[in-house]
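Student: Protein chains in written order, with this note's numbering: chain A, 790 to 1076; chain B, 96 to 182. Sharing a structure, written as structure tokens. Questions coming.
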């Protein structure tokens, strides 16, 4: 294949922008298995190839977009040890003949370039290896710090759960405490006189009861800050017991307001809930 | 001592203060200082949209928490809770 010279194709893009004082090029994405996403680079930005991390490959990819044409440059290296290349060194390699150019299904022009190993003498190789090791140690340290921060946060949340149970129990009367410890729920009377049962849980864990203590309808309203088990959700984690304490306090203080906020997700809605008939009609028509 | 509980990821953040019948009757410096901390936290959380419940006295029914909008100097405990949303 008579391959085009890449340097001329991208001459309006990163190639001309790459001077020592040039601003980071905004159209460049660097994509590797340990860095995914957009990364602004300068001519002195260093890329690690063949980093030696588990699961990584001696391959890097650079995405350019010039005049609505996307290019993806794949670097392949036969080096077993990791080494670093600066953006300028990569760009110099791209100015040479490339092995192939293809338009992929993703719309990218795939330009495959075999990067020459830049160390021709033992001294250069030793310097490059030293440079890589320094980078590697810093990167390993950064990852360890991130993991440590994650562990500390997990410990904080676990401690928070224990503390929250203590706070909830401090505000329960002896009868409520007994049923919570034995059966995992407690009953209370709302501000308007309706008896409620709060089960252990975050959402859909409140039932309104009839005068005989029968569970009539399952209601759902909870603190705004919820961390769903899957990791989706808003804001930050609030322990389960804190949700239950909030539900109890809000029901005691203003039962009607809480009922207006809550959704009925099982059984019968409370008569005070807004537009109960309309909601029921809607459900019956749809399903 | 009275306690302000702010429900958050740590279970609850607490600030204690010396209860007093009113703001004007806080005399000694120490109680004024810890009360000031509690008032500051109370206002900070109110600004973030938290709702505040105060318990004035303990009884067996437990139904004694009331919503307060100003810092209750005489309360035994204040629990500040995030806004409730329908699930």
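Glycine included, C-beta positions come from ideal geometry on N, C-alpha and C.
Assuming the contact rule is C-beta atoms closer than 8 angstroms, residue 106 of chain B and residue 1028 of chain A should be a hit. Round their C-beta distance to whole Å, please.
Tutor: 6 angstroms
Student: Inspect the CB distances between the region 983-1001 of chain A and the region 910-920 of chain A and report whether three or more fall short of 8 angstroms.
Tutor: No: fewer than three Cβ pairs fall under 8 angstroms.
Student: Count the other CB atoms within 10 Å of the CB of residue 172 of chain B; is the residue buried (16 or more) or exposed (fewer)?
Tutor: buried
Student: Which residue marks the beginning of the beta strand (DSSP E) containing residue 1005 of chain A, and which one marks its end?
Tutor: 1004-1012
Student: Is residue 134 of chain B helix, strand or coil by DSSP?
Tutor: helix
Student: With DSSP collapsed to three states, give me the class of residue 913 of chain A.
Tutor: helix
Student: What does residue 181 of chain B pair with, by DSSP beta-bridge criteria?
Tutor: A:1010
Student: Would you mind giving the Cβ-Cβ distance between residue 1050 of chain A and residue 179 of chain B, rounded to the nearest angstrom? I have them listed as a contact below 8 angstroms.
Tutor: Residue 179 of chain B and residue 1050 of chain A do touch by the CB rule: their CB atoms are close to 5 angstroms apart, below 8 angstroms.
Student: I believe residue 977 of chain A touches residue 1037 of chain A by the beta-carbon criterion, under 8 angstroms. Please report the beta-carbon distance rounded to the nearest angstrom.
Tutor: The pair is a contact, with the Cβ atoms about 6 angstroms apart (cut-off 8 angstroms).
Student: Going along chain B in order, which residues have a C-beta closer than 7 angstroms to the C-beta of residue 1028 of chain A?
Tutor: 106
Student: Using only the alpha-carbon positions, how far apart do residue 1048 of chain A and residue 1008 of chain A sit?
Tutor: About 8 angstroms.
Student: Let me confirm a value: residue 1062 of chain A is counted as buried when at least 16 other C-beta atoms fall within 10 Å, else exposed. Which label applies?
Tutor: buried
Student: Return no unless some Cβ of chain B is closer than 9 angstroms to the Cβ of residue 943 of chain A.
Tutor: Closer than 9 angstroms: no.
Student: Does residue 110 of chain B have its Cβ less than 9 angstroms from a Cβ in chain A?
Tutor: no
Student: Spatial neighbours of residue 1030 of chain A within its chain, please: CB distance less than 6 angstroms, with the 5 preceding and 5 following residues excluded, ordered by chain position.
Tutor: 953, 954, 957
Student: Taking residue 991 of chain A as the reference, which of A:1001, A:979, A:974 has the closest Cα?
Tutor: A:974
Student: Once the 5 residues before and after residue 966 of chain A are set aside, which same chain residues still bring their CB inside 7 angstroms of it?
Tutor: 958
Student: Can you tell me where the alpha helix (DSSP H) with residue 989 of chain A in it begins and where it stops?
Tutor: First-last for residue 989 of chain A: undefined, no H or E at that position.
Student: Compile a chain-ordered list of the residues in the region 133-151 of chain B whose CB is closer than 9 angstroms to at least one CB of chain A.
Tutor: 144, 146, 148, 150
Student: Residue 102 of chain B CB to nearest chain A CB: under 9 angstroms?
Tutor: yes
Student: Taking 9 angstroms as the threshold (C-beta atoms), are residue 133 of chain B and residue 110 of chain B in contact?
Tutor: yes
Student: To the nearest angstrom, report how far apart residue 912 of chain A and residue 921 of chain A are at their CA atoms.
Tutor: 14 angstroms
Student: Kindly indicate if chain A contains any beta-carbon less than 9 angstroms away from that of residue 172 of chain B.
Tutor: yes
Student: Rounded to a whole number of angstroms, what is the C-alpha to C-alpha distance between residue 943 of chain A and residue 910 of chain A?
Tutor: The alpha-carbon atoms of residue 943 of chain A and residue 910 of chain A are separated by roughly 49 angstroms.
Student: How should residue 103 of chain B be labelled, buried or exposed, when 16 other C-beta atoms within 10 angstroms of its C-beta is the threshold for buried?
Tutor: buried
Student: Can you grab the Cα-Cα spacing for the pair residue 160 of chain B / residue 1041 of chain A, in whole Å?
Tutor: Straight-line Cα distance between these residues: approximately 7 angstroms.
Student: Cα separation between residue 962 of chain A and residue 129 of chain B?
Tutor: 29 angstroms
Student: Residues of chain A with CB closer than 7 angstroms to the CB of residue 113 of chain B, please, in chain order.
Tutor: What residue 113 of chain B touches in chain A: nothing, since even the nearest Cβ is about 19 angstroms away.
Student: Name the chain A residues whose beta carbon is nearer than 8 angstroms to that of residue 177 of chain B?
Tutor: 1012, 1013, 1014, 1027, 1035
Student: Kindly indicate if chain B contains any beta-carbon less than 9 angstroms away from that of residue 952 of chain A.
Tutor: yes
Student: What does the Cβ neighbour count give for residue 1006 of chain A, buried or exposed, with the cut at 16 atoms within 10 Å?
Tutor: buried
Student: Considering only residues of the same chain and omitting the five flanking positions on each side of residue 1056 of chain A, which have a CB-CB separation below 8 angstroms?
Tutor: 996, 1004, 1005, 1006, 1007
Student: May I ask whether a heavy atom of the ligand HEM can be found less than 8 angstroms away from the beta carbon of residue 1010 of chain A?
Tutor: No copy of the ligand HEM appears in this structure; indeed no ligand is present at all.
Student: Run the CB neighbour count on residue 929 of chain A, radius 10 Å, all protein chains shown included, and call it buried at 16 or more, exposed below.
Tutor: exposed
Student: What residues from chain B crowd round residue 1045 of chain A, counting only those whose CB sits closer than 9 angstroms?
Tutor: What residue 1045 of chain A touches in chain B: nothing, since even the nearest Cβ is about 13 angstroms away.
Student: For residue 163 of chain B and residue 135 of chain B, what's the separation of their Cα atoms in angstroms?
Tutor: 15 angstroms
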